[in-house]
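Notes for the one structure printed next.
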Amino acid sequence: MTADRDTNESGYLRSYGRRRGKKLRPGRERLMDDLLPRISIKPGTPVTDQFPSRLRALWMEIGFGGGEHLAAQAAGNPDVGIIGCEPFLNGVAKLLSQVDEQKLENVRIYADDARDIFPDIPDGALERVFVLFPDPWPKAKHHKRRLIQTPLLDQLARMLKDGGEFRFASDHMGYVRWVLSFALKHPDFEWMAEGPSDWRDPPDDWTRTRYEQKALAGDIMVYLRFRRKARA
Ligand SMILES: C[S@@+](CC[C@H](N)C(=O)[O-])C[C@H]1O[C@@H](n2cnc3c(N)ncnc32)[C@H](O)[C@@H]1O
2 MTADRDTNES GYLRSYGRRR GKKLRPGRER LMDDLLPRIS IKPGTPVTDQ
52 FPSRLRALWM EIGFGGGEHL AAQAAGNPDV GIIGCEPFLN GVAKLLSQVD
102 EQKLENVRIY ADDARDIFPD IPDGALERVF VLFPDPWPKA KHHKRRLIQT
152 PLLDQLARML KDGGEFRFAS DHMGYVRWVL SFALKHPDFE WMAEGPSDWR
202 DPPDDWTRTR YEQKALAGDI MVYLRFRRKA RA
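Here's what the structure looks like:
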């Protein structure tokens with residue numbers, strides 16, 4: 002399929018902003034040239050074959066930004082493989098520098114739209130999916146670009162194992178309401194919150210992302226966790 006301004010190669014409506022920022026410093030350019038090809042997800046091959054078999058589970062973060070949360074999760078969970086997807090190449094370079102410095106061996110990167118590699122993720126292959134502070138696309142005419150919609154939830158439900166978890170966070174209340182409106186009526190997910198602290202406070206194993214640190218100045222943060230129900 003031919004990509005135009007608004008759709009990507011797989012035909013998805015663009016859900017992200019720019020792909021490039023400032024020119025990369027030479028060390029990060031080198032990591033893009035040397036390290037990225039070694040740990041890139043290869044489309045067309047099941048992701049389960051792209052990690053060492055000793056790992057006990059696979060997680061995925063969609064839109065990792067600068068990769069702070071992903072790198073911390075990878076360091077804290079060396080027995081878990083983590084797929085990170087991010088089309089913003091300066092963010093990819095930043096995650097690469099953390100992977101390199103911390104010698105993280107359990108990270109694989111897809112430096113583009115996460116939805117391209119969904120066909121390579123077998124049913125029930127993922128134990129956790131993170132979508133943290135996704136672009137809120139606040140104008141009504143752009144809502145259709147929001148990543149979380151029923152087709153994406155359908156795909157997450159397919160890829161998550163029974164009891165697996167989908168974590169979402171946002172400081173944009175319009176987007177929070179939007180996600181709740183889709184997720185609460187989705188037959189395969191249940192909201193895990195039992196009280197206000199479950200959505201007001203981040204989970205215990207949380208590392209604040211760069212976006213979150215900037216937003217913390219004034220806004221309310223909401224953290225939503227959904228469990229993938231057991232398949233019938
Ligand atoms: C507002 S930023 C937040 C980044 C990071 N999660 C954080 O909290 O700092 C949203 C990110 O999602 C990425 N993104 C948007 N659509 C995406 C998609 N379809 N696949 C992967 N990443 C995507 C954007 O490029 C952007 O870096």
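Under the working numbering, the first residue of the sequence shown carries the number 2, and numbering increases by one thereafter. We treat Cβ as the ideally placed atom computed from N, Cα and C, and that holds for glycine. Here the structure is a predicted model, which is why all the values come from computation and not from measurement.
Per DSSP, the beta-bridge partners of residue 229 are 190. Beta-bridge partners assigned by DSSP to residue 111: 86.
The beta carbon of residue 100 lies closer than 6 Å to those of 108 in the same chain, with the five residues before and after it left out. Residue 85 is positioned such that its CB atom lies no closer than 8 Å to that of residue 59. Counted as a single uninterrupted DSSP element, the alpha helix (DSSP H) harbouring residue 182 occupies residues 174-184. A check of alpha carbon separations from residue 90 across 189, 34, 12 and 168 identifies 34 as the nearest. One thing to note: residue 212 has its Cβ within 8 Å of the Cβ of residue 134. The secondary-structure analysis by DSSP pairs residue 118 with nothing; it has no beta-bridge partner. Between the alpha carbons of residue 172 and residue 178 lies a distance of about 11 Å. Here the distance from the Cβ of residue 64 to the nearest heavy atom of ligand 1 is below 7 Å. At a Cβ-Cβ threshold of 8 Å, residue 229 and residue 162 count as neighbours. C-alpha of residue 66 to C-alpha of residue 27: approximately 20 Å in a straight line.
Listed in chain order, the non-local C-beta contacts of residue 136 below 7 Å within the same chain comprise 16, 17 and 18, local neighbours out to five positions each way being set aside. When the alpha-carbon of residue 132 is set against those of 120, 149 and 50, the nearest one is in 149. The alpha-carbon separation between residue 183 and residue 166 amounts to approximately 16 Å. When only Cα atoms are considered, residue 199 and residue 225 end up about 8 Å apart. For the options 158, 98, 203 and 169, the alpha carbon positioned closest to that of residue 189 is the one of 158. Counting along the chain, residue 200 sits inside the alpha helix (DSSP H) bounded by residues 198-201. At the C-beta level, residue 44 and residue 114 stay beyond 8 Å of one another. Proximity of the beta carbon of residue 17 to ligand 1 is indicated: a heavy atom of the ligand is located closer than 7 Å.
Assignment of residue 128 by DSSP, reduced to helix, strand and coil, places it in the strand class.
Nearest neighbour of residue 155 by Cα position, chosen from 124, 222 and 110, turns out to be 124. Assigned with DSSP and collapsed to three states, residue 62 falls in strand. Per DSSP, residue 147 lies in no beta strand (DSSP E) segment and is marked neither H nor E.
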